[in-house]
Structures are given as C-alpha cells and as structure tokens.
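Below is one structure, written out as structure tokens; comments come after it.
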Amino acid sequence: MGVPDMPEPDTTRADDEPLDLADEELVRDPFTSFAHIRERASMVRGRVRGADPMWVATRHDDIRTAMNDPRFTIDAKACPGASVAHRTEQTWQGRGMRPGYEKYLRASIFDADGADHRRLRGLVAAAFSPRRVAALRPRIDAIAAELLDGLPDRAEGGVVDLVEHFARPLPITVICELIGVPEPDRDRWRARSATLSAGVCGAELGDALGGMVGDAHVLVEHHKAHPGDDLISDLLDPLHHDRLSTDELVALIVNLVVAGHITTVNLIANGTEALLAHPDQLALLRADPTLMPHAVDELMRYCGPVVRALPRYATRDVTLGGTEVRTGEAVLPIVSAANRDPAVFTDPDRLDITRTRHSREPHLGFGHGAHRCLGAHLAQEETVGALTALFDRFPDLRLAVEPERLRRGTNPVNWHLKALPVRL
-2 MGVPDMPEPD TTRADDEPLD LADEELVRDP FTSFAHIRER ASMVRGRVRG ADPMWVATRH
58 DDIRTAMNDP RFTIDAKACP GASVAHRTEQ TWQGRGMRPG YEKYLRASIF DADGADHRRL
118 RGLVAAAFSP RRVAALRPRI DAIAAELLDG LPDRAEGGVV DLVEHFARPL PITVICELIG
178 VPEPDRDRWR ARSATLSAGV CGAELGDALG GMVGDAHVLV EHHKAHPGDD LISDLLDPLH
238 HDRLSTDELV ALIVNLVVAG HITTVNLIAN GTEALLAHPD QLALLRADPT LMPHAVDELM
298 RYCGPVVRAL PRYATRDVTL GGTEVRTGEA VLPIVSAANR DPAVFTDPDR LDITRTRHSR
358 EPHLGFGHGA HRCLGAHLAQ EETVGALTAL FDRFPDLRLA VEPERLRRGT NPVNWHLKAL
418 PVRL
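Below, the structure written as structure tokens:
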C-alpha cells in the first residue's frame, strides 16, 4: 500500500508556519507521511485551509485521550472563558459554504457534546444497534447481489470500475432506505454526497450543500404527511417525548447520508484493493470465510479511509503528549497515524487479517468514546456483506492495473480511490 520511498514532509517549521495538512505528500500517502511526523514529535502545529492553526496529534494514546477525556470537548462553545473559533465551521466556510448554513453544523449530532449530544444520540442510536443492523443484512446481501449481477455488462474491454458500479451504489442505497429517501431521488442524493466528500470548493460545494439541505427539508415535510417504516418517520412520531427540532433533523439527515455513505464506499474500495494486492491474505480469507468480520476490522485499521477526526478543544489547560494545550486550543486527531502506531500495534504496516487486537487499545478507525461512529456496526456489516459477495461471485477477480497506478482523490480528510479498475 502507499508510495514507497516518498520524501518526508518538512515538520521543522516555525510557529507562524504550521504544517500544511493539504500537503501533497500527506494527502497521497497519509500512513507513511504522518509516520515520519509521529516519530519526530508527539504534537506539531498544523493548519487547514481557512481555519486557525491547531495542534496535530499523531500518536494513538494522545488521540485516544483527546477523544475521551472530559477535559476536551468537540463543541467549541463549551470552552469556558475562551473565545474559540469553530475549526470545522471555518473549514467549511473556507471551502465555500454559503452564509446561513452554519446552523446545520451546530445542530448536528456530530458537533454537539454533553447533555445535548446524549439527547440527540439517544434518539437515533436504536436504529444503528447491532440487532437492528443484523436485521438489515438480508437486504444488504440482496442489493450486493443485484449490483454484482450487473457488473459484467458494465465492463469495457474486460475492465469494470468497482467504485462506480459496486462500492458507491451499495451504501447509498442502504442509507437511503434506512432514512426513507424515495428511490427516484437517490441518484441526486448520491451525487451531492459524493461532491461534499470530494474536497471540492467554491460554488460547486455551495450548490451541493444547499441542494442537500433543501432536499432534506422536503423529505421531512414528505414524511410528516406520509409516515412510513423508516428512521425519519420514527423521529417525527409524536410519541417521542424529546423530539428533534427541524434544523436538528435536517442536520442529522445530511450528516447521516454523507457520513453513512462515503466512509463505507471508501472502506469497501480500499479493502478490496488491499486484499487483491496481498494475495496471501486473500488466500487465508478464502480458506476460512469466517475470518471476514475480523478481516474488515483489520482493513479499517490498515487502510481505513478516515485520515483525521473532528477537532477537540481543551476546556482547560492540558498537557497532552508532553505539550501544553491551552484552554480553547484545538487538537486535530490524525486517525491514520494512530492506527499504524508501533507503540500499540506489532508490525503496524503489515496487513494481517488474523491480527489479534489488543483488548484495551483497539484501532481508532471509528473513533473512540462518546463520539464513536454511530454507524460503525452498519459500516462493518455492509463491508462484510459486500466483500463476501464480491469474492464469492468472482473468484478470479484481479486488479486491472498495478496498485501504484491507481488514482486517489485529493480530499485530505478521506483517503480514497477515484476508481478501482478490475478484471472479473
């Protein structure tokens, strides 16, 4: 995986010249590039376009602490006595978010903390419980089978793109069915979600976000008039004693579609590429298909798409990784670096689907603590179903190009393939 013998990013820089987190080498291979940083210092100063500088954490233990220690919050407003800029909001504004859409970030379950977060999460957690997700597996398998049936007809010159024709449509279909997006509208939701996740800026981002928020408002009104067996209808049920506001519900829909779609798309694609590039691991999996759930967990550690998590803000002066983080300062967790930390994982740069996870120090691909990914069970079940069906249906599946020739996206938040050309 990755690009060998890459030049190391320059981390010897003054406080007024923080690490550029959009640096080409960091984006192209975050595992190798952030490893160099992790080895040199536990914390460095970094910047994201349009946002104030932040502390960048690359070591597993420091990131785990920032994600779970009550001295840190995900809500910038929760820092007492400090005027704190919301880095996520700044980043979206820098990318071209139109004025007035900030409230959909502030109303989001992903940016709330404390009692507000517990209220929002409690309303939707049941829909993503292991039991409810397991009940979705037959539908996941049916969608996967239908998509795989169509792959041979999608091939051009014997080559088919698994991102476009398998990894991308499967999760968006599942999440749209879960929340109740009508089938004729799903292509539009998929296209806008892909745009928001691709790192685009300017009018293109503004149009996609504005369109999705508008569609979400229409969807809420539709389900008020025509309730069904879906998450939105459940949340609109007057039996709920603590209902979501309209802005909270719209923010939840937008975030669930984007987060519930693109992370799984990229995990399926990255995982497929990794297994095809490591035939010894694929052979182990073929010999013992019961390894698939554990293989997916290892793939999330080894080549998971999440490069960095949301910033955490210090609610008081804190020493983290030997660095003093002052009240209100932001810490940006680099998940891809934590998941390859040799202080936690033995031979971390090796894909090993039989790897025994440390019972107290699991990977952080789905986060940690109160904000651990709400849809982690769903993403895992979808990926298990997708990879199982794919390798069962096409036992001779192979890459159509050498791994180093695969094209990856330029979004510094998500490590992902633009396309995955394979021969069936």
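All the letters of the sequence shown, read from the start, carry residue numbers -2 to 421 under the working numbering.
Every residue gets a Cβ at the ideal spot worked out from N, C-alpha and C, and that includes glycine.
Closest in C-alpha terms to glycine 147, from the list Asn65, Glu161, Phe342 and Gly257, comes Glu161. Around the beta-carbon of aspartate 59, 16 or more other beta-carbon atoms lie within 10 Å, marking it buried.
Rounded to whole angstroms, the separation of the alpha carbons of cysteine 300 and alanine 271 is 8 Å. The beta carbon of threonine 260 is closer than 7 Å to those of Pro302, Val303 and Ala376 in its chain, skipping five residues each way along the sequence. The alpha-carbon separation between proline 224 and glycine 208 amounts to approximately 23 Å.
One thing to note: glycine 372 has its Cβ no nearer than 8 Å to the Cβ of phenylalanine 107. Scanning Ala200, Val157, Glu218 and Ala152 for the CA closest to the CA of glycine 177 turns up Glu218.
For the region 12 to 67, the continuous beta strand (DSSP E) assignments of 3+ residues that do not extend past its boundaries occur at 40 to 44 and 51 to 54, in sequence order. DSSP, read as helix, strand or coil, puts arginine 420 in strand. One Cα belongs to leucine 417, the other to valine 332, and the distance between them is close to 24 Å. In the three-state DSSP reduction, isoleucine 250 falls in the helix class (H, G or I). In the assembly as shown, threonine 351 is an exposed residue. Its beta-carbon has fewer than 16 other beta-carbons within 10 Å. Counting every other CB atom within 10 Å of its CB across the protein chains shown gives glutamate 378 a total of 16 or more, marking it as buried.
DSSP, reduced to helix, strand and coil, places threonine 261 within a helical segment of the structure shown. Listed in chain order, the non-local C-beta contacts of proline 290 below 8 Å within the same chain comprise Gln377 and Val381, local neighbours out to five positions each way being set aside. Every candidate beta strand (DSSP E) stretch fails here, since none sits fully inside the region 82 to 137 while reaching 3 residues. The straight-line gap separating the alpha-carbon atoms of aspartate 227 and alanine 188 is approximately 22 Å. Just so you know, the alpha carbons of arginine 240 and leucine 233 end up roughly 7 Å apart.
Between valine 157 and valine 419 a beta carbon distance of about 6 Å is seen, short of the 8 Å cut, so the two are scored as contacting. For proline 166, the enclosing alpha helix (DSSP H) covers residues 166 to 176.
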